[in-house]
Amino acid sequence: MRPKPPPNYLAAYPAALADEVRRLIEQNRLADALLRKYPLAHEVRTDKALYDFAQEIKSAHLRNAGQLSMVCFDSRLQVMQHALGTHTRIARVQGTKLKAKREIRVAAVFREMPQQFLQMIVVHELAHLKEAAHDKAFYQLCRHMAPDYHQLEFDLRCYLCYLDAAGRPLWSPVAADDLGTESIGATARGP
Ligand SMILES: [Zn+2]
582 MRPKPPPNYL
592 AAYPAALADE
602 VRRLIEQNRL
612 ADALLRKYPL
622 AHEVRTDKAL
632 YDFAQEIKSA
642 HLRNAGQLSM
652 VCFDSRLQVM
662 QHALGTHTRI
672 ARVQGTKLKA
682 KREIRVAAVF
692 REMPQQFLQM
702 IVVHELAHLK
712 EAAHDKAFYQ
722 LCRHMAPDYH
732 QLEFDLRCYL
742 CYLDAAGRPL
752 WSPVAADDLG
762 TESIGATARG
772 P
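Each residue of the sequence shown is one higher than the last, beginning at 582 in the working numbering.
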């Protein structure tokens, strides 16, 4: 099998803008810009913590979208489905009741990222609970949950381009031992 080219994370943006991002990566300037803007990694280490993180956003903005059954990190999403996140709504008949299961999976790459990027992907998948297509109503809902949604998605996609080129994450999580203390979260690592 021939190796696949890396996905073009900036395909939806104007070519000139994508070229500019590639230039910044080549000149080693993108990493610094990202670290200045997002100095810290989040502390959402487990699926349980991720569920709580999503639940908090949902109860603030999407209270009537039904109960979330599961939210988890998934290390196979990017490889198998070329997806950063997925959502499923499964309706099951249980006895006389129709039960809906709502699941959100987040690509494992989001484990080592700033909280804003995790928020962006969770907001995206939560919005799909109400709006299936990537249309105006969908993005309106995203902006309702995260007013700077479009900027966050662009910054995230710039970072994914960087990650492809550099091969290692910009942010590293704190050691498990440090969790639960008053630590500020994570140390930023240079390129
Ligand atoms: Zn989507």
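All C-beta atoms, glycine included, are put in the ideal place defined by N, C-alpha and C. None of these values were measured; they are calculated from a predicted model.
Let me have the residue list for ligand 1: C-beta closer than 7 Å to any non-hydrogen atom, ordered along the chain. 705, 709, 715
By how many angstroms is the C-alpha of residue 590 removed from the C-alpha of residue 655? Counting from 1 along the sequence shown, the entry for residue 655 is found at position 74. Counting from 1 along the sequence shown, the entry for residue 590 is found at position 9. One C-alpha to the other measures close to 19 Å.
Just the C-alpha distance for residue 741 and residue 718, rounded to the nearest angstrom, thanks. Mapped onto the sequence shown, residue 741 falls at position 160. Mapped onto the sequence shown, residue 718 falls at position 137. Roughly 26 Å between the two C-alpha positions.
Find out if the Cβ-Cβ distance for the pair residue 710, residue 663 is shorter than 8 Å. Reading the sequence shown from its first residue, position 129 is the one you call residue 710. Reading the sequence shown from its first residue, position 82 is the one you call residue 663. Going by C-beta atoms, residue 710 is not nearer than 8 Å to residue 663.
With distance defined between alpha-carbon atoms, name the residue in 703, 670, 652 nearest to residue 679. Translated into positions along the sequence shown, residue 679 becomes position 98. For the residues 703, 670, 652, the minimum Cα distance to residue 679 belongs to 670.
Once you ignore the five residues that flank residue 704 on each side, which residues in its own chain have a CB closer than 8 Å to its CB? Position 123 of the sequence shown, counting from 1, holds the residue named residue 704. Result list for residue 704: 638, 723, 726, 727, 730, in chain order.
According to DSSP, what are the bridge partners of residue 750? Looking up residue 750 in the sequence shown gives position 169. Residue 750 is not bridged to any residue.
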